[in-house]
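Beneath this line is the structure, given in structure tokens, with notes to follow.
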Amino acid sequence: MGPSCGTAYLPSVPTPQPYIPPYRGVSFVAEQTSVVELFRDIRARSSPDWRQGNIGMNERHDLKPLASICTEISRTYLSLTEEDAHRWIDTNNPKLQLIRELIDDRNGVDMRALELSIKNASERGEHLSLSSVRRMRDLCAPRYEAVLDNIVRSSQDDLGVAFLVRLRSDVQKYVRYMRFMSKSEDACKGHDELLKLQNLDSSLRITLSSLFRPGVLKLERITFDETPASIIEQIALKEQVHPNRSLSELRARLGEGRRCFAFFSPSLHRSPLIFVHVALLNEIPATMDEIRGEAEKPLGGDRPELSSTCATFYSISNTEPGLAGVHLGNELIKSVMKTLQLESSTLMTFCTLSPIPKFGDWLESKLSYSTLDDIRRMLNESDLTSIRNFYSLESSPCAIISFAKTLSDLRKPSRSKPECLESISPELKPILMKLAAYYLTKETRHGRPLCPVAKFHIRNGACMFRLNYAADVSSKGIRNSFGIMINYLYKMDDIEDNRVQYELSGRVVSNEGVSRWL
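According to the working numbering, the residues represented by the sequence shown are 104 to 621, in order.
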């Protein structure tokens with residue numbers, strides 16, 4: 104889900120795909136058998152009920168071991184090109200065919216059997232057996248879950264896990280397509296299909312969460328000299344927050360005074376699932392230049408690495424879209440903090456320097472389309488007076504429109520440069536910071552922060568520490584949040600309490616460095 108880093112020093116190569124090991128012992132016949140046919144064959148073997156329903160298996164596979172068919176469907180699906188996933192209007196798209204097969208009513212919950220089981224349970228009353236309860240529980244699950252479980256357990260070389268990750272990634276793409284199409288003439292039909300897709304996505308997420316639980320993941324440090332080049336290439340290509348600008352910058356991120364850690368799973372064969380970059384400093388940084396500048400300093404008497412007191416997480420990237428929502432980031436941060444504490448006894452502070460990725464879009468929309476009463480919920484009369492005076496206007500609505508245009512012009516690609524921040528005068532800067540603080544602390548959805556990065560760190564037990572102006576003056580930083588960034592602070596003694604309070608009540612803890620702007 105992250106953009107490529109766009110670095111000039113790397114050769115032009117496709118984004119690395121999940122490793123698919125050589126096929127062992129069974130001929131590969133992907134061109135003769137569709138993934139839907141293979142799925143139906145596995146379904147026939149997954150439940151005796153399907154045999155009794157006269158849904159026969161493909162005779163060509165009738166004598167083939169289940170493991171061979173499961174391996175074949177995994178290899179076949181993984182061999183499909185990424186372009187296929189974007190052809191959602193093409194009924195010949197094999198990925199679309201399999202997804203629609205999965206959400207077909209024949210593969211959903213067996214309502215007839217469930218209703219019969221509930222009726223029998225009601226008749227038996229207190230004499231209901233434990234086996235009957237288990238059967239009712241099993242009947243509540245869609246039938247495709249048993250088929251997918253067979254594919255995961257029976258595929259050779261853990262191909263079933265890679266298949267499930269890729270399948271969920273494609274389901275999410277189709278969900279986004281269906282959400283867009285739900286506004287069309289066929290909205291009723293699309294709404295029903297969208298609900299089934301969302302249920303499928305939820306089922307896949309739950310299954311993947313159990314497959315990628317903390318106990319099976321391995322934390323590894325990434326270094327420029329010791330890590331295989333293929334993994335370093337993936338780290339460079341899949342960086343989502345701060346794209347690498349040069350080979351020397353990549354070296355610095357993996358060298359002295361810096362740490363890069365990644366989670367690996369034996370199921371995905373040396374492909375990092377998620378990774379984080381950490382800067383070892385002596386104070387909480389306020390800008391990305393401090394992080395980049397410190398990396399360029401030679402370690403020595405002024406700042407020896409082992410005496411650093413502050414570990415700053417400044418970039419965390421997921422590499423597998425199919426694992427979104429599996430909460431690997433939470434476990435990664437906790438594991439890295441424990442590792443760094445064991446490595447250095449001087450580290451006392453753990454924090455982030457984080458982007459505010461959707462603030463620019465949100466603010467531009469708010470200023471352009473909100474009523475004056477809505478604006479007054481965010482800004483007081485003194486703020487509105489400052490904006491009117493700056494633009495020499497008597498009307499607050501006209502002044503807000505001018506302010507919105509200033510910010511919109513700032514975000515244009517042709518103007519998103521560091522010197523453009525000078526167009527934000529000293530009178531407007533505190534207002535912009537106040538709006539950023541409002542967005543982070545007050546703008547919510549279902550009682551949770553609207554900002555996805557804030558929601559991630561607050562859910563992990565961090566608190567909002569400080570807003571920083573002109574912290575990321577890259578074009579991306581200015582477009583995303585007018586260069587504003589935020590530090591989240593992980594206080595060891597408060598993490599668990601913050602996390603519990605957030606889960607129970609949605610409480611967000613913010614320090615004076617954020618609250619003073621409100």
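In this text, a Cβ means the ideal position worked out from N, Cα and C, and glycines have one as well.
| Asked | Found |
| --- | --- |
| Simplified DSSP assignment, three categories, for V379 | strand |
| Pairwise C-alpha distance: R316 and L205 | 25 Å |
| Sub-9 Å separation of V611 and T544 beta-carbons | yes |
| Local Cβ density within 10 Å of A332, reported as buried at 16 or more and exposed below that | exposed |
| Selected residue, minimal CA-CA separation from M451, among S410, L262, N483, P460 | S410 |
| Close Cβ partners of M481 (< 7 Å) along its chain, the five nearest in sequence each way excluded | L538, Y541 |
| Top-ranked residue by Cα proximity to I504, from V379, R279, Y472, D260 | Y472 |
| Same chain, Cβ closer than 8 Å to H430, five either side skipped, listed in chain order | S312 |
| Minimum Cβ-Cβ distance from W620 to chain B less than 9 Å | Of the chains in the structure shown, none is chain B; there is only one protein chain. |
| Exposed unless 16 or more other CB atoms sit within 10 angstroms - verdict on C243 | exposed |
| Burial state of T415, where buried means 16 or more other Cβ atoms lie within 10 Å | buried |
| Helix, strand or coil at G403 according to DSSP, with G and I counted as helix | Confidence at G403 is low in this model, with a pLDDT of 46, below 50, so its placement is unreliable and the value that follows should be read with caution. The answer is coil: DSSP assigns G403 none of H, G, I, E or B. |
| The stretch 544 to 556 touching the stretch 572 to 587, judged by at least three CB pairs closer than 8 Å | no |
| N253, enclosing alpha helix (DSSP H) - first and last residue | 247 to 257 |
| Cβ neighbours of R569 in the same chain (closer than 6 Å, five flanking residues each side left out) | N590, G616 |
| Where the alpha helix (DSSP H) through S485 begins and ends | 484 to 494 |
| Selection from D193, N583, K532, E530 that minimises the alpha carbon distance to C554 | N583 |
| Unbroken beta strand (DSSP E) run spanning C626, endpoints | This structure cannot settle anything about residue 626, because the visible part of the chain is limited to 104 through 621. |
| Close-in-space but distant-in-sequence residues of the same chain around I145 (CB under 8 Å, 5 per side omitted) | L169, I172, C173, I176, V250, N253, I254 |
| Other residues of its chain near N492: CB distance less than 8 Å, five sequence neighbours each side excluded | E530 |
| Outcome for L475 when other beta-carbon atoms lying within 10 angstroms are tallied against a minimum of 16 | exposed |
| Cα-Cα separation between N195 and R269, rounded to whole angstroms | 19 Å |
| Beta bridge counterpart(s) of C413 as assigned by DSSP | L384, T452 |
| Pairwise C-alpha distance: V264 and F364 | 23 Å |
| Collapsed DSSP secondary structure at E323 in the structure displayed | strand |
| Rounded C-alpha distance that separates A565 from R395 | 24 Å |
| Distance between K515 and K508 (C-alpha atoms, nearest Å) | 11 Å |
| Rounded straight-line distance, which links the Cα of R203 to that of S622 | Nothing can be reported for residue 622, as the shown portion of the chain is limited to 104 through 621. |
| Residues near L535 in its chain [Cβ-Cβ closer than 7 Å; skip 5 each side] | I527, F585 |
| L201: first and last residue of the uninterrupted beta strand (DSSP E) it sits in | Taken as a continuous stretch (DSSP letters only), L201 belongs to no beta strand (DSSP E), being part of the alpha helix (DSSP H) at 197 to 205. |
| Per-residue DSSP class, three states only, for R127 | Model confidence at R127 stands at a pLDDT of 35, short of 50, so the residue's coordinates are unreliable; what they give is reported in the following sentence. Coil, per DSSP. |
| Stretch-stretch touch, CB-based, cutoff 8 Å, three pairs: the stretch 292 to 306 with the stretch 444 to 464 | no |
| Distance CB(G432)-CB(N563) smaller than 9 Å | yes |
| I387 classed as buried or exposed, judged by whether at least 16 other C-beta atoms fall within 10 angstroms | buried |
| Alpha-carbon spacing of S306 relative to S225, whole angstroms | 28 Å |
| Local conformation of Y591 per DSSP, three classes | strand |
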